[in-house]
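K.L.:
Protein chains in written order, with the numbering used here: chain A, 601 to 1539; chain B, 8 to 99; chain C, 507 to 709. Dropping a structure here in structure tokens format, bear with me for questions.
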Amino acid sequence: MISSRRRPTAMISRLGRQEGELIDRSRRLSFTFNGVEHRGFDGDTIVSALMAEGERIFSRSFKYHRPRSVLSATFHDPGCIVQVGDEPNVRAAHRRLRDGMAVEAQTGWPSLRYDVGAANQLVGRFIGAGFYYKTFIKPQRLWPTYEKVLQRFAAGGRVQASSPHGTYDKRYAHPDVLVAGGGPAGMAAALGAADAGANVILVEEEYELGGHLRFGGSEDLVALRELRDEVGAHAGIEVMTNSVVTGRYDDNWVAVLQRELPQVAERLVKARAKTLVVASGLIERPYVFEGNDLPGVMLSTAARRLVNLYAVKPGQQAVVFAANESGQAAAADLDRVGVEVLKVVDPASGGELVRALGRGQLEQVELGDGSIVDCDLLVTAVGWTAPTLLVNMAGDRPRYDERAARFVPGGALPDTVLATGGIVGDGPLQALVAHGRATGTAAAHRALGRADSIDIPELEPAPHPALFRARTHGIVDYSEDVYSKDLVAAAREGYDSVELLKRYTTATMGPSQGKLETINTVAVLAEATGRSIEETGTTVWRPPYAPISLGALAGRILEPVRYSPMQPWHDSHGAKPIVAGQWIRPEHYGDAAAEVRNVRENVGIIDVSPLGKLDLRGPDVSKLLNFVYVNKWSKLDVGSVRYGVMCGEDGVVIDDGVTGRLAADHYFMSTTSSGAQAVHEWVENWLQTSFPSWQVHVTSMVSAYASINIAGPRSRELLGRLVPDVDLSPESFSYMQVRTGTIAGVPGCHMWRIGFTGELSFEIHVPAGYGLYVWERLMSDGKDLGVGPFGLEAQRVMRLEKGHFIVGQDTDGVTQALSAGLDWLVKLDKEDFAGKPELVWQHERGDGMRLVGLQPSDTHLVPAEASQIVSPSGAIEGRITSSRFSPTIGRSICLGLVSARLAVAGTVVTVKLPDGRHVPATVMEHHAHFDPEGSRLRG
Amino acid sequence: MIRIPCPNCGPRNSSEFSYFGELGSRPAPDAVDPAHWRHYLYDKKNPAGWTTEKWYHASGCRKFFAIERNTLTNDVKSGRPFGVESSSEESS
Amino acid sequence: MVARSPIRARGPVGREHGWEVSTTARKGGLELCDLTPYSKVLVRAGVLSKAAEVLGCALGLARRAPDGTLVAGTGPGEWLLVSGAGTWPALADEIGGGDPTALTTVVDVTHGGFLIRLSGADSRRVLEKICAIDLSDGVTPDGAVFRSSVARIVCDVIRDDDGGVRSYLLHGDRSAGQYLFDAVLDAGSEFSIGISGYREKEA
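Structure below.
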């Protein structure tokens, strides 16, 4: 931080009271600019306060580091982008001054006045059109260096990692009519719509409604007050100021950015507007001539804003180049406040502006008659750009109106989008208001589905001389430092389409996104190629209309997190959490290997609540199961469960799990945790679209039951202590059966004898509200049995020891069922099931990969998962899909997918490790490395 | 964001739905040859214009339905439900 | 034996019908209340079935049965019945009988979902931040029901005004209960939202 210093004496240029001024002279604010103390008034923008204190240079240009000052005095002013505290890229000609602001120029190294980069001006030829592509590409190895240097020189503020996290917000809105633009036509449109009974959102980019009326004369100010009062009093209109419609998307999905709200930094409003009224006004277009970016050269509306809104005197001696009324009005304003207007040059009567001269700021203007005028202010008024962005986003293509020398909406708008005000045409205030009101009424009628048609009066663009470039060359794009001669050169190089030219030269691609530059770019290209502006066409304007911070786009953080009913216990018992989809699950409780040993020797319990669970009821459930699973389901007894695998129609494995029959017409299906939602959709899809006559009701019960797997030789004893009403003995409750009963007093629990871990185990599904209670009872009542919790990692080790594959880990998006080693399960003699034809063909071909058990020769080497299996020539023959060190058998174990011809027990394959080493591993007879006969499981 | 006219819930943001692609018909699995089956699996017409698609209202009624959508303009014609869920079929 | 909501009870804690509940007093104004212990029953039947006639409300609408059970048409041929904790809605038994024309099923989903109530004049403005449905009285008046995404969780939303005060019941998958409760609190912070304890108003 630079310490604050008192600023040196500067020329104070604050005027006396102006009729429409926004500043509150009773409220003084102090702030710093580049460490120097300044003062301003409440209501000032950063730039108006600085100008009032004599500051003129606010930034350095992007490439040539030319000093830049006010051009348009609006949000989009390319020369007025600064850093405020830790906030970069603040639009200083828009942003209201706040007490204590620390404002710094973003460009200018080492300082704004003495900028090393300004030397680039001397080597301008070097960085003309396409300079990035031509200059900095070779040699490639120097690119990192170039990048660093360029970053230092280029515009852009500093983002500080230590900045506090801002609060951003989003909300949805459903207005009947949304009006984009709060000038006279926009206000009138809002009133017309609201009077017709519509609820209206009126969005204005500036801090207050009014548009150009605000910096007009007394009559304008009276009209402004009337309109503004009427809008403010209307209950049907919600006004959003300092807000901008950043885009219009399909079906009138309109994004509105609200800035500087009391509660939040920014809010993105996602409005679904029945109709949209675009009233975005006109943007004054700069003139292209030599020296047009010198501080002291500005647009007529900029001069009028400075004088009338902020009581700032923009210069002492002025030349005004006025091709329209706005120029004349600026000249009158300047004259009124004591600026010496040396010359008003009117092109209609032959006046010509040739160039502006000066070192660092405007000193002289050369006119067409050869005369040189000494001055410090040059105001230009050469015409307007209709910012047709929003109507373009609705599908309309702008049309060039040669008479008015500007593009206008092409007239191909959908019924739900209307336009009014300056982008449509010109006229006296009454005409704008009448057009706005009628348009708003029509918009309301369309929104509310009323048939009565509304007569909208004509609003035609007024004739205007076509003035784009003087006889000299100058800046076209102020943000990107693109000169008209660069565009001419690019056109000569063959970039003669406006879209190509834009990308090659970066013209219109800077912070103002073409609002000031596009039409001049088109005009210069038209001139260079000898085509008309109409033939040349314009670039397509895309969202956003104005920059949106990433914070606003992110909004409130809405990332769903799901917890099991037992999560509070896991949290308080040292569980290491892992994220699995939206779920938070325990990976282990400190020592996964010890958890494995405890399950193999005593008993462990694991929280498997995220398992997919579908309640299936109806007379046709078995038909459904027969169709979605590859095996047969017609003969499943009540009280039995069966393992099943589902395939897609391409024969690729998509899920597996067990399904039990609880009653004649009542089944309970479990799916993988990650596949829970997809399987639900898959099942519904078949039922609803292919088999609508089947009577099956499917209910997802994922969260209705807390699911706990109790595994280990002592699991029967543990569960038996808590279950009074079900005989758990192997004789009456055997492997692959299901019972419903009471656990620890909780009725309606399902108990399944299944075993992913390969141990004797019971998977219990307890009504979720009681999950934590039952878990705690298992832990306390089984203390003497050595019960302990185990996490996902221990389960992964044990299932690998047992050779159970995991869909999505040991299979991938092309693994068909027979490749997963499911030949024993797939019943090709079934009439039909999802994916059957592909599996028939795979069976006939016998090709593809095969999932096999693998053991590295080095018993302590665990090949990383995804290590390749390679042939002697280096060809890929497969890969390791799962690998762990087995604490139970004391060696490394794997599952892997290998080419079918290698999938023969005893084959030694070569595993290529990530570090490049080749190690041997043997294909095993079984997937299971431990207890392949399953005697523990069935005990 | 376009809106999808759910036949049950009315127009909703497309983010509430899952897209299941062009509506096709499943060949009889016993009589089919690989070329025909894979045409069903993978070959989509993807026309520049009107097409019939299957959507699922995942965040709403959890029903599948078909709509006609113009891929050029995103114009959508009203959706129709599948199967017996519609009352007209049940009453017949 | 104790049942717990997925939403951590704040403030003083008591027991109601075997459930652990917060007993924080109501403070009025904008407030959020965890009603997960309420009985929730999902009914599926044909839209023209006898069951549908007994339930007596169409998709998108809710009504109260004489015993106080809230019946909400949550989907085509789908209803959610909400009654006081520890109760079983009488309607569920009435429709339990088989209907030969269309499959009718009744599933107790009490433990499958969270149920929270957001009430207060500003409740619309809170919900508008996290739900894209038009909450104006014209589109979703008192008694309206819809299922949509709320803070990216699929919820049944029932507009169920409470003595003239705007109020919404949100019902969704239990596992996301804590997340959604926190998301609504966060959205409501701008309007000074408070938490109130469990209460037995519905039954």
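Glycine is no exception: its CB is placed at the ideal position from the N, C-alpha and C atoms. Bear in mind the structure is a predicted one, so any value in this text is a computation, not a measurement.
DSSP beta-bridge partners for Cys637/C?
P.N.:
Bridge partners of Cys637/C: Val656/C.
K.L.:
Helix, strand or coil, according to DSSP, for Arg999/A in the structure here?
P.N.:
In the structure shown, Arg999/A sits in a strand (DSSP, three-state: E or B).
K.L.:
Can the beta-carbon of Asn924/A be found closer than 7 Å to that of Gly1074/A?
P.N.:
It is not a contact, given that the beta carbons lie outside the stated cut-off.
K.L.:
As a quick exercise: from Val877/A, Thr875/A, Ala855/A and Asn842/A, pick the residue whose alpha carbon is nearest that of Leu868/A.
P.N.:
For Leu868/A, the nearest C-alpha among the options comes from Ala855/A.
K.L.:
Given Ser681/C, which residues of its chain have a CB within under 8 Å of its CB, disregarding the five upstream and five downstream residues?
P.N.:
Within the same chain, Ser681/C has close Cβ partners Pro512.
K.L.:
What are the residues that DSSP puts in a beta bridge with Leu79/B?
P.N.:
Leu79/B pairs with nothing; no bridge assigned.
K.L.:
Mind pulling the chain B residues with CB within less than 9 Å of Ser642/C?
P.N.:
The contacting residues do not exist; Ser642/C stays about 15 Å from chain B at best.
K.L.:
Candidates Gly1027/A, Asp1055/A, Arg1071/A and Val1088/A: which alpha carbon is nearest His1064/A's?
P.N.:
Measuring from the Cα of His1064/A, the nearest candidate turns out to be Gly1027/A.
K.L.:
Across which residues does DSSP place Phe72/B in a beta bridge pair?
P.N.:
Beta-bridge pairing links Phe72/B to Trp62/B and Pro88/B.
K.L.:
Measure the Cβ-Cβ separation of Tyr772/A and Glu866/A and say whether it is below 7 Å.
P.N.:
Not a contact, by the Cβ cut-off of 7 Å.
K.L.:
Just tell me which of Ser1307/A, Arg904/A and Phe658/A has its CA closest to the CA of Val939/A.
P.N.:
Selected option, being the one with the closest Cα: Arg904/A.
K.L.:
Would you say Leu48/B lies against chain A (beta-carbon separation less than 7 Å)?
P.N.:
Yes, Leu48/B lies at the interface with chain A (some Cβ there is under 7 Å from its Cβ).
K.L.:
Listing by chain order, which chain B residues have their CB less than 7 Å from the CB of Val660/C?
P.N.:
Within chain B, the residues near Val660/C are Ser66.
K.L.:
Does Ala591/C come within less than 7 Å of chain B when only Cβ atoms are used?
P.N.:
So, not an interface residue.
K.L.:
Pick out the complete alpha helix (DSSP H) segments inside the segment 1018-1084 of chain A, 4 residues or longer, and give them in chain order.
P.N.:
If we require 4 residues or more, the alpha helix (DSSP H) runs fully inside the segment 1018-1084 of chain A come out as 1029-1047.
K.L.:
Along the chain, where does the alpha helix (DSSP H) that runs through Asp935/A open and close?
P.N.:
First-last of the alpha helix (DSSP H) with Asp935/A: Glu925 to Arg936.
K.L.:
Could you check what DSSP says for Phe1362/A in three-state terms: helix, strand or coil?
P.N.:
If DSSP states are grouped into helix, strand and coil, Phe1362/A belongs with the strands.
K.L.:
Across which residues does DSSP place Ser1483/A in a beta bridge pair?
P.N.:
DSSP output for Ser1483/A lists Cys1494/A as bridge partner(s).
K.L.:
Assuming Lys70/B and Leu30/B form a contact by the criterion Cβ under 8 Å, report the distance between their Cβ atoms to the nearest whole angstrom.
P.N.:
About 15 Å; that fails the 8 Å criterion.
K.L.:
If you run the structure through DSSP and keep just helix, strand and coil, what is Ala1264/A?
P.N.:
It is coil, neither helix nor strand.
K.L.:
Pick helix, strand or coil for Lys1115/A, following the three-state DSSP scheme.
P.N.:
Of the three classes helix, strand and coil, the one that applies to Lys1115/A here is coil, per DSSP.
K.L.:
Using a Cβ cut-off of 7 Å, pull out every chain B residue sitting near Leu565/C, in sequence order please.
P.N.:
Ordered by position in chain B, the residues that pass the 7 Å Cβ test against Leu565/C are Asn15.
K.L.:
Which residues bound the beta strand (DSSP E) around Ala1521/A?
P.N.:
Segment His1518 to Val1523, the beta strand (DSSP E) holding Ala1521/A.
K.L.:
Can you give the Cα-Cα distance for Pro1520/A and Val1508/A, rounded to whole angstroms?
P.N.:
The alpha-carbon atoms of Pro1520/A and Val1508/A are separated by roughly 6 Å.
K.L.:
Given a cut-off of 7 Å, decide if Ala1047/A and Ala614/A are closer than it, judged by their beta-carbon atoms.
P.N.:
The question names Ala, but residue 614/A is Arg in the sequence shown. No. Outside cutoff.
K.L.:
Exposed or buried, which one is Lys52/B when buried takes at least 16 other CB atoms within 10 Å?
P.N.:
Its Cβ having fewer than 16 others within 10 Å, Lys52/B is exposed.
K.L.:
Taking only the alpha-carbon atoms, compute the straight-line gap between Ala1417/A and Leu1451/A and give it to the nearest angstrom.
P.N.:
So the alpha carbons of these two residues sit roughly 10 Å apart.
K.L.:
Tell me whether Gly700/A sits in a helix, a strand or coil according to DSSP, three-state version.
P.N.:
If DSSP states are grouped into helix, strand and coil, Gly700/A belongs with coil.
K.L.:
Runs of 4 residues minimum, wholly inside the segment 1316-1404 of chain A: which ones carry the alpha helix (DSSP H) assignment?
P.N.:
You should have 1371-1381 and 1392-1402.
K.L.:
When DSSP labels each residue in this structure, what does Gln683/A get in the three-state scheme?
P.N.:
DSSP places Gln683/A in strand when its eight states are reduced to three.
K.L.:
Counting pairs of Cβ atoms below 8 Å between the segment 1084-1096 of chain A and the segment 978-992 of chain A, do you hit three or more?
P.N.:
These segments do not touch.
K.L.:
Is Gly579/C near Arg550/C, with beta carbons less than 7 Å apart?
P.N.:
Contact: no.
K.L.:
Could you work out which residues of chain A lie near Tyr63/B, taking near to mean beta carbons separated by less than 8 Å?
P.N.:
By Cβ distance, chain A contributes Glu1281, Glu1284 and Asn1285.
K.L.:
Report the neighbours of Asp1381/A on chain C: residues whose CB is nearer than 7 Å to its CB, in chain order.
P.N.:
Those within 7 Å of Asp1381/A in chain C number zero; the least Cβ separation is about 13 Å.
K.L.:
Using 7 Å as the threshold, is the C-beta distance between Val1511/A and Pro1463/A below it?
P.N.:
Yes.
K.L.:
Does the beta-carbon of His1350/A have 16 or more other beta-carbons within 10 angstroms, so that it is buried, or is it exposed?
P.N.:
Under this definition His1350/A is a buried residue.
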